[in-house]
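Structure first, then comments.
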Amino acid sequence: RIGGTPLPLEMDACQVSARVRMRPPPWGWVVLALALAAQSSAASADTQVDELLSKMTLHEKVGQMMQIDISLLTTDKLLDKAKLRDWLHKYRPSSILNSPYSGRDCTVAKSGWTAQEWRAFVREAQSEAQALGMPPLLFGLDSVHGANYVSGATIFPHQIALGATFDREIAREVGFATARDTLAAGVPWIFSPILGIATQPSWARVFETFGEDPLVSAELGSALIRGAQSESGDPQLPRAAACMKHYFAYSHPESGQDRGPTWLSDQELRDRYLPPFAAAVKAGVSTAMSSYNEINGVPASASRKWTVDVLREELGFEGVLVTDWGEINNLHSFHKVASTEEGAVGLSMARSSTDMSMVPLSGSFSDHLLRLVRAGTVSESRVDESVRRVLKLKKDLGLFDAPVPLLESPLHQLVGKDGDLALRAARSSVTLLKNHHEAIIPEGGRVCHGVHQGDADQG
269 RIGGTPLPLE MDACQVSARV RMRPPPWGWV VLALALAAQS SAASADTQVD
319 ELLSKMTLHE KVGQMMQIDI SLLTTDKLLD KAKLRDWLHK YRPSSILNSP
369 YSGRDCTVAK SGWTAQEWRA FVREAQSEAQ ALGMPPLLFG LDSVHGANYV
419 SGATIFPHQI ALGATFDREI AREVGFATAR DTLAAGVPWI FSPILGIATQ
469 PSWARVFETF GEDPLVSAEL GSALIRGAQS ESGDPQLPRA AACMKHYFAY
519 SHPESGQDRG PTWLSDQELR DRYLPPFAAA VKAGVSTAMS SYNEINGVPA
569 SASRKWTVDV LREELGFEGV LVTDWGEINN LHSFHKVAST EEGAVGLSMA
619 RSSTDMSMVP LSGSFSDHLL RLVRAGTVSE SRVDESVRRV LKLKKDLGLF
669 DAPVPLLESP LHQLVGKDGD LALRAARSSV TLLKNHHEAI IPEGGRVCHG
719 VHQGDADQG
């Protein structure tokens with residue numbers, strides 16, 4: 269169609285081209301103007317990133333590839349300014365992840381920071397980084413079924429339940445609410461959705477996935493990403509970055525043990541496990557997280573095939589690729605494919621397109637990479653390639669415009685207000701099973717009903 273007029277099927281390309289030139293659609297110039305404006309804006313952002321990159325020392329660049337755990341900066345669950353200053357001065361880390369309450373017993377009186385308490389911490393850290401002339405820090409949280417590390421935020425059903433809804437709109441709304449509540453805390457990076465395909469029932473993390481169907485995972489994952497990366501309503505933190513994980517084929521360890529190796533043919537990997545990630549890239553996902561597993565004998569964080577040839581070149585992913593917890597060091601300590609930790613860093617830089625190492629509890633990555641670049645083992649251009657992507661992400665998230673967020677946000681009043689959505693998602697996930705030929709419950713079998721005491725107390 270041209271301007272709403274159907275094209276005759278027999279028209280050839282030359283006739284179509286002539287017809288377009290003769291009678292351009294009324295909205296054509298608007299579309300062209302918008303496209304040129306978008307290109308101009310992107311070019312301007314890239315120029316700013318390149319200018320900043322050109323002024324950075326090697327030490328500062330390497331720091332931009334480093335993510336550390338928040339526990340390194342706290343004492344008794346509170347910000348320790350001395351620790352913060354020491355880490356920022358010594359390593360110039362790019363990103364901070366996790367909550368000081370991660371893994372804590374949720375039945376105790378206090379099990380997490382409120383959005384306001386998070387903001388206070390983020391403000392202090394960003395102010396310190398700004399005083400040092402550093403690029404803004406990038407905070408990230410595992411907001412995987414709601415902003416579960418923000419006290420008072422709405423908790424949604426896990427992804428396995430969202431998969432049972434078969435409802436794109438619910439997934440989109442959950443993604444939006446999750447990101448909004450995380451942004452209310454001053455944190456713009458959410459480590460979700462999980463796009464593994466649950467084909468190994470012995471694997472302990474099946475509940476985190478959308479299930480065993482690649483189409484369902486692709487559709488609901490893309491919807492969640494679009495929701496999460498929508499405009500937030502906070503002018504200082506206008507949007508969040510979603511993170512597709514865990515790349516790649518992490519959900520099918522042959523043994524069923526978490527982090528176990530995956531052994532599958534290329535055809536099965538492409539047909540069943542790759543489509544959700546391909547869909548996520550098309551949906552515009554900003555970041556990706558590589559996985560703990562080996563894929564046919566090669567660890568994901570050292571795989572040129574899957575992180576360069578497929579992810580970057582075939583799928584066209586241009587965002588930031590971060591490792592999972594300590595995974596570069598694991599190339600030495602767990603996978604045994606590098607004889608030293610420094611060799612593990614060199615191997616990952618040479619073989620993969622990893623941009624950021626979730627170190628997360630030491631400065632070893634920075635120390636090793638600095639030595640490797642100075643020795644000529646890793647080129648500085650390889651570092652620049654990753655740092656450029658990291659800086660562009662921070663620019664896209666608005667961190668350069670407002671590195672130190674206000675203590676109060678218009679999003680605060682919305683935290684915890686999505687109970688109706690959580691209930692709708694839960695109800696939509698209810699699945700009726702037919703006891704065909706007594707496949708589920710044998711005749712005369714007992715059905716046990718259980719109730720969690722905390723839920724019972726709430727009525």
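Numbering (the numbering used here), first residue to last: 269 to 727. Think of the CB as a built atom: it goes at the ideal place given N, C-alpha and C, for glycine as much as any other residue. Only a predicted model underlies this, so the values are computations on that prediction, with no experimental measurement involved.
For the pair LEU409 and ALA393, the CB atoms are not nearer than the 9 Å cut-off. The C-beta separation of MET333 from VAL655 comes to about 7 Å, placing the pair in contact by the 8 Å criterion. According to DSSP, ILE423 shares a beta bridge with GLY414. Between the C-alpha atoms of GLU610 and ALA570 there is a straight-line separation of about 14 Å. The continuous beta strand (DSSP E) containing HIS514 extends over residues 511 to 515. Between GLU396 and LEU430, the C-beta spacing is not below 9 Å. Judged by pairs of C-beta atoms under 8 Å, the segment 376 to 393 does not touch the segment 636 to 653, as fewer than three such pairs exist. Going by beta carbons, ALA606 and THR422 fall outside the 9 Å limit. Contact annotation: the segment 500 to 511 touches the segment 452 to 461, with at least three C-beta pairs closer than 8 Å. Inside the segment 568 to 603, DSSP marks whole alpha helix (DSSP H) runs of 4 or more residues at positions 595 to 601, from first to last along the chain. The C-beta distance from HIS426 to PHE475 rounds to 5 Å, short enough to meet the 8 Å contact threshold.
Pairing ALA447 with MET512 gives a Cβ-Cβ distance that is not under 9 Å. Segment contact: the segment 569 to 583 against the segment 610 to 630, three or more CB-CB distances shorter than 8 Å; contact assigned. Here DSSP, grouped into helix, strand and coil, assigns GLY611 to helix. Relative to LYS323, the option among GLY479, LEU365, PHE389, PRO403 whose CA is nearest is PRO403.
ASP664: member of the alpha helix (DSSP H) spanning 648 to 664, first to last residue. In this structure, DSSP gives ILE438 a helical state, which the three-state scheme calls helix. ALA393: not part of any beta strand (DSSP E); member of the alpha helix (DSSP H) spanning 383 to 399, first to last residue. Judged by beta-carbon spacing, GLY614 lies within the 9 Å limit of LEU640, meaning their Cβ atoms are closer than that value.
Under the three-state reduction of DSSP output, ASP337 falls in the strand class.
A straight line joining the alpha-carbon of PHE389 with that of GLY528 spans about 37 Å. ASP318 and GLY584 have their alpha carbons spaced roughly 21 Å apart.
Boundaries around ILE493 are those of the alpha helix (DSSP H), 482 to 496, since no beta strand (DSSP E) includes it. Across the structure, GLY489 and THR433 are spaced so that their CA atoms are roughly 13 Å apart.
The Cβ atoms of MET624 and SER363 sit closer than 9 Å to each other. When Cβ pairs closer than 8 Å are counted between the two stretches, the segment 625 to 637 is seen to touch the segment 584 to 600, the count reaching three or more. Each of SER339, LEU679, ALA496 was checked against the Cα of HIS413, and the nearest Cα belongs to ALA496. Counting the other CB atoms within 10 Å of its CB gives ILE708 a total below 16, which places it among the exposed residues. Taking a contact to require three or more Cβ pairs closer than 8 Å, the segment 340 to 356 and the segment 691 to 706 do not qualify as touching.
A residue is called buried once 16 or more other Cβ atoms fall within 10 Å of its Cβ, and THR530 is buried on that count. Judged by DSSP in its simplified three-state form, VAL698 adopts coil rather than helix or strand. In this structure, LEU532 sits near ASN564, with a CB-CB distance shorter than 9 Å. Here ASP502 is near LEU679, since their CB atoms are less than 9 Å apart. A distance below 7 Å between beta-carbons, with the five flanking residues on each side excluded, links LEU451 to the following residues of its chain, in chain order: SER500, ASP502, LEU505, ALA508, LEU679. GLU706 sits in a helix when the DSSP states are folded into three classes. Of LYS604, ILE438, PHE545, the smallest CA-CA separation from GLU562 is found for LYS604.
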